[in-house]
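What follows is a short report on a single structure.
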Amino acid sequence: MTVTALPARGWTRTVRTTPGRLSVFIGVLLVLSLAWGGFGAWAVAAHSGAAHAVAYTNEPLSLRAQQLYADLADADVTITTAYLQVGPGSAPSTRGPRQQFDADLADASGQLAVLSASSPGPQVTSAVATIVGELPVYGHDVAIAETEYNQGVYPAGGSFIEVASIDAHLTLLPAARIVYQAENATVKSAEGQATSAPTVIIAVVLAAVTAAVLAGVAIWLARRTRRYLNVGLVVAGTALLVSGVWLGDAFAVASSDLSTAISQGAVPAEAAAQASIDVEAIRGDSILNLIARSGTPSLSLDSTAQQASFTALTSAASWPSSPTGTRARASEDSWYRSNGQAYQYGVKLDYAAEQKLVLDTGHGGLAGGYSDLQQELTTVRETAQHTFQASADAGAGAFAGLEVAVIVAALVMAAASAWGLSQRLGEYR
Amino acid sequence: MAVALTTASVAAHAAGAARQARADMAAQPSGTVKEDGSGLLLPLVQAWAPAYHRQYQAATVITGGGGSGVGIDDAISGKVQVGTSDAYLSSGDEFIHPDLLNIPLVTSAQSVIYDLPGVPESRHVHLSGALLAQMYRGTITMWNDPRIAALNPGVSLPVLKIRPVHRTIVAGDTFIFTQYLSTQDATWNETTGYGTRVAWPPNPADQAADGSNVIDQTCARTPGCVSYNGVSYLAAGQALGLGEAALLNAEGNYTLPTRASIEATASEFAQITPADGTIALIAGPGADSYPIVNFEYAIVKSDQPTPAMARQVRDFLNWVITSGNAQSFTGPVGFAALPPGVQQVAAELIARIS
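Order-wise, the sequence lines are chains A and B.
230 is the number that my numbering gives to position 225 of the first sequence; each next residue is one higher, with no gaps.
162 is the number that my numbering gives to position 173 of the second sequence; each next residue is one higher, with no gaps.
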């Protein structure tokens, strides 16, 4: 197969000839085939990568960030409520809570290690560094509190628990919230990339242009040579059709699956995760208010803000209407009322009643209500995550083998077009 | 106080604090610093102010009282640069105002005073936290109750009704007194608890009075009175005929709030005082400890409106924790200097004011 190089001066006259035009068509079809292969493969790789990242990287990291917050919040609530109950004439065992506290911080450290190693952006890096730097200080304050309590020096122990808890509220938990919000934003960005239309539209247009050129060349050739079937062009067209349909179908399937994963999985899972964080914050506020003994409304106001966030999440149309989702939505009202009652006790200086309500593990108490609500939110989140994972896996799998197929098809198109037209070109020599 | 305090950063802060203090004091202090708050600290602040002005004539300190609650509120609003308090900042205040610092200034203590005609001033009645809780609760109503007599062999206790006096305003004095009762009496801990204000148990013999001078005066005209007041008002109370109780400490000894016992108490906690200065010294260990000891705090915003104002505040507070802690100042009001380790904590906190 040879293509004769044409002198520049005779270019216009040569193109008007049949051999000249055949040469041009070969060049054009080569370019279009390679463009189709290159762009198509890139589009597949980009979408496949984004879908894969959503399913196997970004969403898991978001879950880890939410777990990090939960670990730190639970550690604070656990250790503070344990020592709130220690005093003259009352020395319940703190061994269990201390073990829970240690387990929470160990898990938090594990989450931090994974988040650090995931090459996060500057915001996450800075927040993780803050938590890593502050955890030893926090742990040290708790350790001193324990020592003082064990020696019966309850006020000093209490002041150190207060120092530790305010450290959690002002430094650790805000940093953990930043990590969660940043990872969540990354998930949303990846979701958008995985389902974006522009690259698909460009690929479709490119395929249509290539198909139109192929058809045009075939029609011109038939008129010129009175041969209606050029095998090369037919093979090229078939390769384009197969790869184009496959690509279009994969995009459609992946987009559908990912949309399902997002709408029925990620969105409610994120809502449940955020709701869980709000509940943790409300719980932490009520504990800190109990040990604050100042009657200031600051923590009550923060709880109210978290409650508004929680209500907005559970009232949204995307909130699951499953029995568990419905129960979680119903539980919040009674729990809010109880929280409000606890703050009222504090305002009235009835610290005994406030403590009793805040620490009550029965269903009517704040501790019990908190456990029930968190259990419901965990169930909602896990169910949604299961839906997400199943649909995201399917979406990521839709691109399997397609990148190679597009490249192979493009090479076939290029070779077949060139061969088919070269056969006709050869007849003019 | 939303600052990560790693070991490395604490060391860096210490070095920075020393540099800052040297730089500040190289130039003469000037300007005006306003203070109000703790009534317990007021007599000492009123001694500091003119002494500071005598040493640095371009610098002035305007003092006020009003109670710890006023000091905290006014520091938050910016009405004063330095609010003083007998109690460290509550976590509720810290949460909403993370830019506030609570800086230990000096070590003080609280006396339990009483009006018992016929009992000589030199014969300090022995009391315990558990008994005081019952007296305030109204379950011990007479001074000659056997439970009080058991602690005071050889003391002729009068047949007199116990008349507790308490504060109603937000008071650091109430915070440390009720903390003491909470550690000594389980019923008090479970029913009343502690705070800058508490719901005092219903006791028909109990009466309210606010202000350290008013407490002394009310007690002095109420035979059978028992109350709590800063040691800085002890001399004035004794001049009115009030007695001072020796309190039972954790080691089983009865102690008075002397300089030695206050220092002994504070030294037990000096090494563990955290970087933000928040620590309770109530009912601490030590054979010679006194059970109601506290640091007096300056409540200060770490971000001052201008660099000049920040400098003025740093200058004054650095002077307080050094020259102001001399025996010539603390002695007359019955206080003690900050332990060295706590002085370092205070210096590092002061260095953060900018």
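Cβ coordinates follow ideal geometry from the N, Cα and C atoms, glycine included.
| request: Verify whether the separation of the beta carbon atoms of B/Ser97 and B/Asn218 is less than 8 angstroms. | output: Contact flag unset, no.
| request: Indicate whether at least one CB of chain A lies closer than 8 angstroms to the CB of B/Ile271. | output: True, the Cβ-Cβ gap to chain A drops below 8 angstroms.
| field | Residues of the segment 158 to 170 of chain A with Cβ closer than 8 angstroms to any Cβ of chain B, in chain order | value | Listed in sequence order: Val158, Tyr159, Pro160, Ala161, Gly163, Ser164, Phe165, Glu167, Val168, Ser170.
| Per DSSP, what kind of secondary structure is B/Val(-8) in: helix, strand or coil? | Only weak support exists for where B/Val(-8) lies, its pLDDT of 38 falling under 50; the value from the coordinates is given anyway. Shown here, B/Val(-8) sits in coil according to DSSP, grouped into three states, outside any helix or strand.
| Residues of chain B with a CB under 8 angstroms from the CB of A/Gln90: which are they? | Residues of chain B passing the Cβ test: none, with the nearest at roughly 10 angstroms.
| request: Report the residues of the segment 180 to 200 of chain B with a CB closer than 8 angstroms to any CB of chain A, ordered along the chain. | output: Here the close residues are Thr180, Thr181, Gly182, Tyr183, Gly184, Thr185, Arg186, Val187, Ala188.
| What separation, rounded to the nearest whole angstrom, lies between the Cα atoms of A/Pro125 and A/Asp398? | Going by the C-alpha atoms only, they are around 23 angstroms apart.
| Burial state of B/Ile165, where buried means 16 or more other Cβ atoms lie within 10 Å | Classification for B/Ile165: buried.
| said: So with CB distances below 9 angstroms, who are the chain A contacts of B/Pro328? | reply: Counting only Cβ-Cβ distances below 9 angstroms, B/Pro328 has no contacts in chain A at all, with the closest Cβ about 15 angstroms away.
| Under three-state DSSP, which class holds A/Glu432? | Reduced to three states, the DSSP call for A/Glu432 is coil.
| message | So if DSSP puts B/Tyr286 in a beta bridge, which residue, or which two residues, is it bridged to? | response | According to DSSP, B/Tyr286 bridges with B/Ser74, B/Pro93.
| Residues that B/Phe258 contacts on chain A, provided the C-beta gap is smaller than 8 angstroms | The answer, in chain order, is Ala161.
| field | Pairwise C-alpha distance: B/Gly275 and B/Ser250 | value | Approximately 9 angstroms, taken between the alpha carbons.
| Are A/Val363 and A/Ile292 close, meaning C-beta to C-beta below 8 angstroms? | Yes. Within cutoff.
| A/Asp107 lies in the alpha helix (DSSP H); which residues open and close that run? | That run of the alpha helix (DSSP H) goes 100 to 122.
| said: I'd like to know if B/Tyr222 contacts chain A, where contact means its C-beta is closer than 8 angstroms to some C-beta of that chain. | reply: False, the Cβ-Cβ gap to chain A never drops below 8 angstroms.
| task | Would you kindly check if the distance between the Cβ of B/Leu90 and the Cβ of B/Val289 is under 8 angstroms? | result | Their beta carbons are under 8 angstroms apart, which means B/Val289 touches B/Leu90 by this criterion.
| Contact check, B/Val347 vs B/Ile204 under 8 angstroms by CB: the rounded distance? | Nothing about residue 347 of chain B can be reported from this structure: the residues present for chain B run from -10 to 343 only.
| CB A/Val123 to CB A/Ser422, shorter than 8 angstroms? | The sequence shown places Ser at residue 123 of chain A, not Val. Cβ atoms of A/Ser123 and A/Ser422: not closer than 8 angstroms.
| query | Who are the neighbours of B/Tyr77 on chain A, taking C-beta pairs under 8 angstroms? | reply | The contacting residues are Ser164.
| message | Among the candidates A/Ala108, A/Ala322, A/Thr83, whose CA atom is the shortest distance from the CA of A/Thr99? | response | It is A/Thr83 whose Cα lies nearest to the Cα of A/Thr99.
| Which residues of chain B have a Cβ atom closer than 8 angstroms to the Cβ of A/Lys353, listed in chain order? | Within 8 angstroms of the CB of A/Lys353, the CB atoms of chain B belong to Ala188, in sequence order along the chain.
| message | Report the start-end ranges of each beta strand (DSSP E) in the segment 141 to 197 of chain B that is 3 residues or longer and not cut off at the edges. | response | Runs of the beta strand (DSSP E) lying entirely within the segment 141 to 197 of chain B and spanning at least 3 residues, in chain order: 152 to 155.
| query | Any C-beta of chain B sitting closer than 8 angstroms to the C-beta of A/Gln311? | reply | For A/Gln311, no Cβ of chain B is located within less than 8 angstroms of the residue's own Cβ.
| message | Alpha carbons only, please: which of A/Tyr375, A/Ser323, A/Tyr350 is nearest the one belonging to A/Ser339? | response | The option with the nearest alpha carbon to A/Ser339 is A/Tyr375.
| request: Report the three-state DSSP secondary structure of B/Leu116 (helix, strand or coil). | output: Secondary structure at B/Leu116: strand, using DSSP grouped into helix, strand and coil.
| request: Please list the partners that B/Ile268 has in chain A, where partner means a Cβ-to-Cβ separation under 7 angstroms. | output: Neighbours of B/Ile268 on chain A, chain order: Ala161, Ser164.
| task | Report all residues from its chain with a CB closer than 6 angstroms to the CB of B/Val322; omit the five preceding and five following residues, and keep chain order. | result | Within the same chain, B/Val322 has close Cβ partners Pro32, Leu33, Ser221.
| field | Cutoff 6 angstroms; reference A/Met6; Cβ partners in own chain excluding five residues on either side | value | The pLDDT assigned to A/Met6 is 49, lower than 50, so where the model puts this residue is not dependable, and the model offers no usable value.
| query | By Cβ distance, which residues of its chain are closer than 6 angstroms to B/Ile51, with the 5 residues on each side in sequence left out? | reply | Excluding positions up to five away in sequence, the list reads Lys23.
| said: Can you tell me whether B/Asn133 is buried or exposed? The criterion is at least 16 other CB atoms within 10 Å of its CB, across all chains shown. | reply: Result: exposed.
| message | Let me make sure I understand the geometry here. Which of A/Val352, A/Tyr143, A/Glu151, A/Tyr233 has the alpha-carbon closest to that of A/Ser425? | response | Strictly speaking, residue 425 of chain A in this sequence is Gly, with Ser absent from that position. Taking A/Gly425 as reference, the option from A/Val352, A/Tyr143, A/Glu151, A/Tyr233 with the minimal CA-CA separation is A/Tyr233.
| How long is the line joining the alpha carbons of B/Phe324 and B/Glu252, rounded to whole angstroms? | The straight-line gap from Cα to Cα measures roughly 9 angstroms.
| field | Short CB-CB distance (under 8 angstroms) between A/Gly94 and chain B | value | At least one CB of chain B lies nearer than 8 angstroms to the CB of A/Gly94.
| query | List, in order along the chain, the chain A residues whose C-beta lies closer than 8 angstroms to that of B/Asn178? | reply | Here the neighbours are Gly92, Pro93, Gly94, Ser95.
| request: List the residues of chain A that B/Asp174 touches, going by C-beta distances under 8 angstroms, in chain order. | output: Near B/Asp174 (Cβ distances below 8 angstroms), the residues of chain A are Pro93.
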